[in-house]
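Numbering of the first sequence is given in the numbering used here, commencing with residue 3 and proceeding in unit increments. Quick notes on the structure that follows.
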Amino acid sequence: MIPAEQLQSFADWARDLKEDELERARKGMTVKAYPKRTYVCHVGDRLEHWTGVVSGLAKIGLISSSGKATAFIGVPPGGWFGEGTVLKREPRRYDVMALRDSEIAMMNAATFHWLFENSVGFNRFLVRQINERLGHFIALAEYHRLLDAPGRLARNIAWLFNPVLYPRLGPHIDITQEEIGELSGLSRQIVNKNLKVLEGEGLLRVEHGGITVLDLERLSRYGG
DNA sequence: TCATTAAATTGTT
DNA sequence: AACAATTTAATGA
Numbered sequence: 003m004i005p006a007e008q009l010q011s012f013a014d015w016a017r018d019l020k021e022d023e024l025e026r027a028r029k030g031m032t033v034k035a036y037p038k039r040t041y042v043c044h045v046g047d048r049l050e051h052w053t054g055v056v057s058g059l060a061k062i063g064l065i066s067s068s069g070k071a072t073a074f075i076g077v078p079p080g081g082w083f084g085e086g087t088v089l090k091r092e093p094r095r096y097d098v099m100a101l102r103d104s105e106i107a108m109m110n111a112a113t114f115h116w117l118f119e120n121s122v123g124f125n126r127f128l129v130r131q132i133n134e135r136l137g138h139f140i141a142l143a144e145y146h147r148l149l150d151a152p153g154r155l156a157r158n159i160a161w162l163f164n165p166v167l168y169p170r171l172g173p174h175i176d177i178t179q180e181e182i183g184e185l186s187g188l189s190r191q192i193v194n195k196n197l198k199v200l201e202g203e204g205l206l207r208v209e210h211g212g213i214t215v216l217d218l219e220r221l222s223r224y225g226g
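Dropping the structure here:
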């Protein structure tokens, strides 16, 4: 069973649970290591878990109705996803891949449904999260319609810093330019060039093996 | 603590 | 995709 204090480190929602609920959650979860470039789940999977990133970095690949990949969303440690498909008991509509060696937490569907039925705190968290995700998907329309390379880059980075979906300590994230490329669907060269552009405008700072966001507000509007 | 080396990442073509 | 330059991490004196 997962130690309570460790759970807090990657599950912000654990704060909202009462003692017995927390106990139930810890029993219904497992954490597993996924090596770089391995899939956490595939489109069409039915065995359902609510899924969270403990360490590393995951990439969600959205699939259009025609079955083609349309966009990617990066999920840093502390991010949870899959509540929609667990709630509706539907097959997954997306792939999830570990971009680097990662630890992934899985909560089994029975536990998820129990919390959904019994925990006020858990539901408060879910509403907040689903609402935030809705805004995210609306933004995705603009992303496809009118954004060029630097715009896409800015959006993808800004999304990693969504304070509701991915509560994080500070403005820094460890991520290579190659990983940013995989998330935004751009080549590493284009990423490198455009990161410099964003840096020149004072939106972020390019570091070795990471970036620090200086102006999240402007970054999330860039190009729009 | 410092020097050396290997590995990873960045920057450029 | 290839290559050079830079940064970091690991090793051992």
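Ideal placement from N, C-alpha and C gives every residue a C-beta, glycine not left out.
Output needed for residue i: all residues of its chain with C-beta closer than 7 Å, excluding positions within five of it in sequence on either side, in chain order.
i: I132; result: E85
i: L142; result: A73
i: E144; result: G226
i: F83; result: T53, I62, V77
Which one of the options has the shortest CA to CA distance from residue i?
i: I177; options: T53, A100, Y36; result: A100
i: P78; options: W15, A71, N164; result: N164
i: R48; options: H210, A16, A151, D97; result: D97
i: E92; options: I106, V33, D217, W52; result: W52
i: P173; options: L149, L155, V208, V56; result: V208
i: T87; options: Q10, S57, S222, C43; result: C43
i: L197; options: I213, E219, G187; result: I213
i: L235; options: G225, L205, H210; result: Any property of residue 235 remains undetermined from this structure, which presents the chain solely from 3 to 226.
i: K90; options: S189, G226, F118; result: F118
i: P169; options: W15, E219, V129; result: W15
i: R102; options: F127, R126, G211; result: G211
i: Y36; options: L59, A27, K29; result: L59
i: F127; options: E144, I75, R147, L167; result: L167
i: V45; options: R223, R147, L64; result: L64
i: V199; options: E180, L221, E181; result: L221
i: Q10; options: T40, G81, E50; result: G81
i: S18; options: K61, A6, G123, Q8; result: As written in the sequence, residue 18 is Asp, which differs from the Ser given in the question. Nearest C-alpha to D18: G123.
i: T40; options: Q8, R26, K61, E134; result: K61
i: I75; options: S189, R223, E181, R190; result: E181
i: R223; options: R154, L171, N120, A6; result: R154
i: I175; options: L218, F83, E134; result: L218
From what residue to what residue does the beta strand (DSSP E) around residue i run?
i: K61; result: 60-65
i: R207; result: 206-209
i: I177; result: From DSSP, I177 is part of no beta strand (DSSP E); its letter is neither H nor E.
i: A73; result: 71-77
i: V215; result: 212-215
Could you check where the alpha helix (DSSP H) with residue i kicks off and where it finishes?
i: H202; result: Contrary to the premise, residue 202 reads as Gly rather than His in this sequence. Note, G202: alpha helix (DSSP H), 190-202.
i: F12; result: 6-12
i: R223; result: 218-223
Which same chain residues, not among the five before or five after residue i, have their C-beta less than 6 Å away from its C-beta?
i: K31; result: Rather than Lys, the amino acid found at residue 31 in this sequence is Met. Excluding residues within five positions, the ones whose Cβ falls inside 6 Å are I4, A107, M109.
i: N125; result: none
i: Q179; result: R190, V193, N194
Tell me which residues share the same chain as residue i and place their Cβ nearer than 8 Å to its Cβ, disregarding the 5 neighbours each side in the sequence.
i: V33; result: I4, V56, E105, I106, A107, M108
i: D150; result: G225
i: K29; result: M3, T113
i: H146; result: T72, A73
i: R130; result: V166
i: S189; result: G183
i: R95; result: V45, L64, I65, T87
i: F12; result: G54, V55, V56, S57, P79, G80, A107
Minimum length 4: unbroken alpha helix (DSSP H) runs contained in the segment 89-156: 111-120, 122-148
Cβ contact (3+ pairs, closer than 8 Å) linking the segment 65-78 and the segment 114-128: no
Touch test, the segment 19-33 against the segment 134-154, Cβ-Cβ under 8 Å, three pairs minimum: no
Whole alpha helix (DSSP H) elements within the segment 28-61, 4-residue minimum: none
Given 8 Å, three or more beta-carbon pairs between the segment 154-162 and the segment 184-198: yes
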